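Colleague: Each residue of the sequence shown is one higher than the one before, counting from 1 in the numbering used here. The beta carbon of each residue, even a glycine, is placed where N, CA and C say it ideally should be. The model shown is predicted, which means the values in this text are computed figures rather than measured ones.
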Amino acid sequence: MDSIAIVGLDCAFPGAPGGDAYWDLLMRGGDAVGDVPGQRWDPRDYAAREPGAGRSEMTRGGFLDDADAFDNDFFSVAPREAAAMDPQHRLLLQCAWRALEDSGRAPGALAGTGAGVFVGVMGGEWGRLRMGDPAEITPQLGAGSSAGMTANRISYHLNLTGPSLAVDTACSSSLVAVHLAANALLSGECDTALAGGVNLVLSPALGIVYTQLGLASADGRCRPFSADADGIARSDGVGLVVLRRTADALADGQRIYAVIRGTAVNQDGRSNGVTAPNRWSQQKVVEAAYRRAGVTPDQVAFIEAHGTGTVLGDAIECAALGSVHGVERAEPCAIGSVKGNLGHTEGAAGIAGLIKAALALHHRIVPASRFADRENPQLRLAERGLRLLKSPLRLPPGEAVAGVSSFGMGGTNAHAVLATAPRSKARTAGRRDAASGAAGVFTLTGDTPQALRRNLAEQADAVARRPRGEAAALCWSSNRVKTGLPFRFAVTARDTAELAAGLRQAAGQELPAGVAHRPWSRPVVAFLFTGQGSQFPAMTAGLHRDSAVYRHFLDEADAALAPHTGGSVRDLILGGEQRIHETGTAQPALFAVGYALARTLTELGVRPAAVLGHSIGEYPAAVLAGVLSLDEAARLVAVRGALMQELPAGGGMLAVNASPADLRGLLDDEPQVGLGAVNGPADVVLSGAVRALERIAEILRARGVRTRAVPVSHAFHSALMAPALERFAQAAGTVAAASPQVPVASTRYGRMLRDEPMDGAYWTGQAAEPVLFSSALGALEEALAPTHLIEIGPKPHLLPLAGRAGLRGDIEFLHPAPGAGASGRDLAELVAALFRAGLDPEWDALYAPDRRTAERLRPYVFSDRHRFWSKPADPAARQSAAPAEPAVRPARPARPAPALALGPPAALPAEFAEPAAEPDAAPARLDALSQEREPVLSAVIEAVAEVGDYPLEQVVRSARFYEDLGFDSVMIMQLKDRIEARLPNAGEISVQQLLPALRSVGSLAEFLTDCVSVRTP
């Protein structure tokens, strides 16, 4: 079979809350066994009172810390529903998110795709514990107690539309799920798959079964293949891997832990008993997997065995493995079982073994086996070509192959063949000196400001632990993975030390608003293209050095100009020559820079809602708007500059801090001077004969009016341009102007362009008439209400003018190359600012190809504030309590619940019992003043809080029913009933009437207010 790549993983096992912690536990040979937590059950209630009574002796095992913690707000799950959900569902949701992040993709990027979900789960203890009393059953409890819903929960909350199924083959469930996922990928049924399993030991019931079968360990430990092995110890665990076809993973540059070369599943058939293992079937499933993988037994370096630590099970498994691996080879095949560290994770056992094997191949070292120092001699491992690892095994260079076995109690056997990941061609660049690194943008998002700060601290610590080096690859990885949640953070950095400092500083800020930005829409961006006078030697040289995209587009402009300028404008721009100030070279140079900057931004995903060009800046603006082709605009600019360069000297321009009305009298007295540009209410540029400008300047200085000579060679936008215009009109007459694809604010007309063509006549008139920048900018603001103005030019020239133009105070000004010291970092800062404002950039364009390599980031840290184990407290009780911590608190135990199938009467642990109803408990209520001022809104808030079991303070007017409160069709029906009870004057309301109003709590209240007013006489 073609191989399947493991591109991401996440897990939580006892003593190992994550992939890194799991690997650490394995490498140090850790023991994760502990006492039964009081939250689960009291072992004394189930202890055998006489020998042979068949009761559970399970006082120890492997138990997850914080199995009751769930970040329900993150997944928009109402507290009432979260409390009813099997905690296995909750663990899987968070595990799925983190595994997808670990695969190098933002989980939200898979929404709406046909990604598949395959989950192994053994039984459904939660359902048996919670569904015993028919009087207490709710729709939420019904869905939440179904083991079959484990995969569906993930698909629903992440909006994945591919195959979604739960698999129960007992202890082999999760490896069978991986087998099914791999086959779905190979058949083309999906392109990405989440596969794994989950297990929580919620009651002693299965332990009683193991005891009665003689399979239970006396001290709660599995000792696989040991002379001291005496049985099974139960354990919690959850694990998921993200799978893709290897060719697809390599093409997308994803990091690969290991590849699955082949899998096989079979059944024992008619054996010694339905729960008895079958040596021949185990042998056949291994052989079948090897055939599919195209490997021979002598190629397999190690096997992660099923290895439960039962005398019979270990003997049969070793006999089966020996039949396959007892071949001539340099070293015996190493075997081991993670159950020696964790215990038996049952439905998650296969994925625990698979992740161990994948990590061993990834790190190229196999952890030692616990209890290997007391090998069971009756297993005859050496003569069967097998060995236990008493110390870690370092894998030799080249491809290494491993096997993973998992066998179900009912006889369903699974085996997977894994191999080391193929070498990626993309990761050829070594570590670079941090001093030469280009700046990147590190992004992070969270569902709340507090979540963002929590994850900032986690990322800061992780980055600080890295060796100092370039940060670009880390930043690029964060752009792919750490985006998509409501609250945004972005910081630029060149190296890891700078990045860690920036993250730590942000995490330590007291006000979340200082670092957490929640944009409600995309930014509305307008480009302002700079005119002549902003040029300087070596302009944009730093950006040219740092940005491959800018280099590409400057080369494009240079190639378009070269036939008309007789040389390389690019070389002139970067060479630092003073000739850059000559009109014949300044105008083509500014056009090239403007075009290259604008196209760099559009390549980054910054697409303008409108463009405005000042004088020569209108040419690159027209190209970006689709009015002129690059070649056509380059020809016109070159001709324009050359013709103006040929004009006789004696003309100039004067900037004056006055209004046109203030200057009318002076201009009447000096016919050789006119308005060259109106840049603002008191920002005017006069253009004309130098002597006349000097006379005007002297008069204005005497009046206390500030003036400044503009460093230009000619009197642009004046009557002195007339000698050049006739020849320019001939050159421009052949222009084929298209309709703008982007709105244009015309500085010739001082308004938004309507149906007027930007043809030869437009460009001829534009060269002689004043630049009406102020009016055009005002029209742009009125028409589009931009949130950001970006100046496109070599230094800030128009933004200071815009700042004095009386625009809205919330408009942000940005510049990609703000002056002589500008570099790629300034471009990165601009992109970071727009990301914080709601833009989703095309991040690849910010980085050189050799920096676009996947780096592993710390997975998302979920909140553990909310705890769900038994039914949450009544909303009224929560309101009467101190509101210091709005977490969902467990309710107190109540009346005895129905008996377990395998236990005595009233044996249900009290922690799982539904609390007794308070006889006189009142529903949650708002204060009297709120009810008096907005009675309908108050009734809606109370009804929503009751249905979802939300604290009243969380149900605000702006809260959205689906996105924020996690309402579904069942909850909507419950809400309808409660609203009708609280607002009888609204009359009977159909669901069809209600649905359009369910945008938010406030919109529903407005709809119901109208209903009440219509029906109230």
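1) Hey, quick one: how far does the alpha helix (DSSP H) through Asp236 stretch, first residue to last?
2) For chain D, is any of its Cβ atoms less than 8 Å away from the one on Ala724?
3) In the DSSP assignment, what are the bridge partners of Asn199?
4) Using a Cβ-Cβ cut-off of 6 Å (strictly less than) and excluding sequence neighbours within five positions of Pro43, which residues of its own chain qualify?
5) What residue range is occupied by the uninterrupted beta strand (DSSP E) comprising Ser164?
6) Roughly how many angstroms lie between the CA atoms of Asp447 and Ala249, to the nearest whole one?
7) Starting from Asp631 and walking both ways along the alpha helix (DSSP H), at which residues does that stretch end?
8) State yes or no: is the C-beta of Leu636 within less than 8 Å of the C-beta of Tyr619?
9) Which class does Cys95 belong to by DSSP, given the choice of helix, strand or coil?
10) On a Cα-Cα basis, can you pick out the residue from His344, Ala402, Asn376 that is closest to Ile365?
11) Here's a check: name, in chain order, each residue in its chain whose Cβ is nearer than 8 Å to the Cβ of Leu243, leaving out the five neighbours to either side.
12) Starting from Asn266, trace the beta strand (DSSP E) both ways and give me its first and last residue.
13) Do you know how far the Cα of Gly484 is from the Cα of Phe961?
14) At the level of alpha carbons, what is the spacing between Pro486 and Leu994?
15) For the beta strand (DSSP E) holding Cys333, just list the boundary residues, first then last.
16) Taking its Cβ as the centre, do 16 or more other Cβ atoms sit within 10 Å of Gly220, making it buried, or is it exposed?
17) Please report the residue range of the alpha helix (DSSP H) in which Ala548 lies.
18) In this structure, how does DSSP classify Glu934 when only helix, strand and coil are distinguished?
19) Within the chosen definition, does the stretch 274-287 reach the stretch 300-320 through at least 3 CB pairs nearer than 8 Å?
20) The beta strand (DSSP E) that contains Leu789, what's its start and end?
21) For Val936, tell me which candidate among Ile972, Glu1006, Gln954, Asp977 has the shortest Cα-Cα distance.
22) For the beta strand (DSSP E) that Ala416 lies in, which residues bound it at each end?
23) Val265 and Glu304 - do their beta-carbons sit closer together than 8 Å?
24) Are the stretch 706-724 and the stretch 734-743 in contact at 8 Å, needing three or more beta carbon pairs?
25) Are the CB atoms of Phe835 and Ala334 nearer to each other than 8 Å?
26) Name the residue from Val684, Ala779, Leu643, Ala731 whose alpha carbon lies nearest to the alpha carbon of Ala722.
27) Between the alpha carbons of Ser823 and Gly108, how many angstroms are there, rounded?
28) Can you tell me whether Glu498 is buried or exposed? The criterion is at least 16 other CB atoms within 10 Å of its CB, across all chains shown.
29) Give a yes or no on contact between the stretch 781-800 and the stretch 450-458, applying the rule of three or more CB pairs nearer than 8 Å.
30) Kindly give me the distance between the Cβ atoms of Val327 and Pro297, rounded to whole angstroms, as I take these residues to be in contact under 8 Å.
31) Residues in the same chain with beta-carbon distance under 6 Å from Thr1009, minus the five sequence neighbours each way, listed in chain order, please.
32) I'd like to confirm the pairing. Which residues does DSSP put opposite Cys11 in its beta bridges?
33) Could you tell me the distance, in whole angstroms, from the CA atom of Ala419 to the CA atom of Leu359?
34) Considering just the uninterrupted stretch of the beta strand (DSSP E) at Thr583, what are its terminal residues?
35) Assuming Leu175 and Ser406 form a contact by the criterion Cβ under 8 Å, report the distance between their Cβ atoms to the nearest whole angstrom.
36) Taking 8 Å as the limit between beta carbons, can you name the residues of its chain near Ile154, skipping five residues before and five after?
Modeller: Let me lay it out:
1) In the DSSP assignment, Asp236 falls outside any alpha helix (DSSP H), carrying neither H nor E.
2) In the displayed structure, chain D is absent; only one protein chain is listed.
3) Residue pairing by DSSP places Asn199 opposite Gly237 in a beta bridge.
4) The answer, listed in chain order, is Val36, Thr59.
5) Start and end: 164-167.
6) C-alpha of Asp447 to C-alpha of Ala249: approximately 29 Å in a straight line.
7) 630-645 is the extent of the alpha helix (DSSP H) around Asp631.
8) Yes.
9) For Cys95, the three-state secondary structure derived from DSSP is helix.
10) Ranking His344, Ala402, Asn376 by Cα distance to Ile365 puts Ala402 first.
11) Answer for Leu243: Ile4, Ala5, Ile6, Val7, Val178, Ala181, Ala182, Leu185, Thr192, Ala193, Leu194, Ala195, Ile260, listed in chain order.
12) 258-267 is the span of the beta strand (DSSP E), which, as asked, contains Asn266.
13) Each residue's alpha carbon lies about 20 Å from the other.
14) Cα to Cα, the separation comes out at about 27 Å.
15) The continuous beta strand (DSSP E) containing Cys333 extends over residues 333-336.
16) Counting Cβ neighbours within 10 Å, Gly220 comes out buried, since at least 16 surround it.
17) Where Ala548 is concerned, the enclosing alpha helix (DSSP H) starts and stops at 548-565.
18) DSSP places Glu934 in coil when its eight states are reduced to three.
19) The answer is yes - the stretch 300-320 touches the stretch 274-287, with three or more Cβ pairs under 8 Å.
20) If you look at Leu789, you'll find it in the beta strand (DSSP E) that goes 788-792.
21) For the options Ile972, Glu1006, Gln954, Asp977, the alpha carbon positioned closest to that of Val936 is the one of Glu1006.
22) Its beta strand (DSSP E) spans residues 412-420.
23) In terms of Cβ geometry, Glu304 and Val265 do not form a close pair [threshold 8 Å].
24) Not touching, per the Cβ criterion.
25) Cβ distance not < 8 Å, so Phe835 and Ala334 don't count as in contact.
26) Just measuring C-alpha positions, the residue of Val684, Ala779, Leu643, Ala731 sitting nearest Ala722 is Leu643.
27) Distance from the CA of Ser823 to the CA of Gly108, rounded to the nearest whole angstrom, comes to 32 Å.
28) Buried, because 16 or more other Cβ atoms sit within 10 Å of the Cβ of Glu498.
29) Flag = no, the stretch 781-800 and the stretch 450-458 do not touch.
30) Right, their Cβ atoms sit about 5 Å apart.
31) Cβ within range, chain order: Val936.
32) Per DSSP, Gly239.
33) Ala419 and Leu359 have their alpha carbons spaced roughly 11 Å apart.
34) Note, Thr583: premise wrong, no beta strand (DSSP E); alpha helix (DSSP H) at 583-603.
35) With a Cβ gap of about 4 Å, Leu175 and Ser406 count as contacting.
36) The residues Leu92, Leu93, Ala96, Val117, Val119, Leu160, Ser164, Leu194, in chain order, have a CB closer than 8 Å to that of Ile154 in the same chain once the five nearest residues on each side in sequence are set aside.
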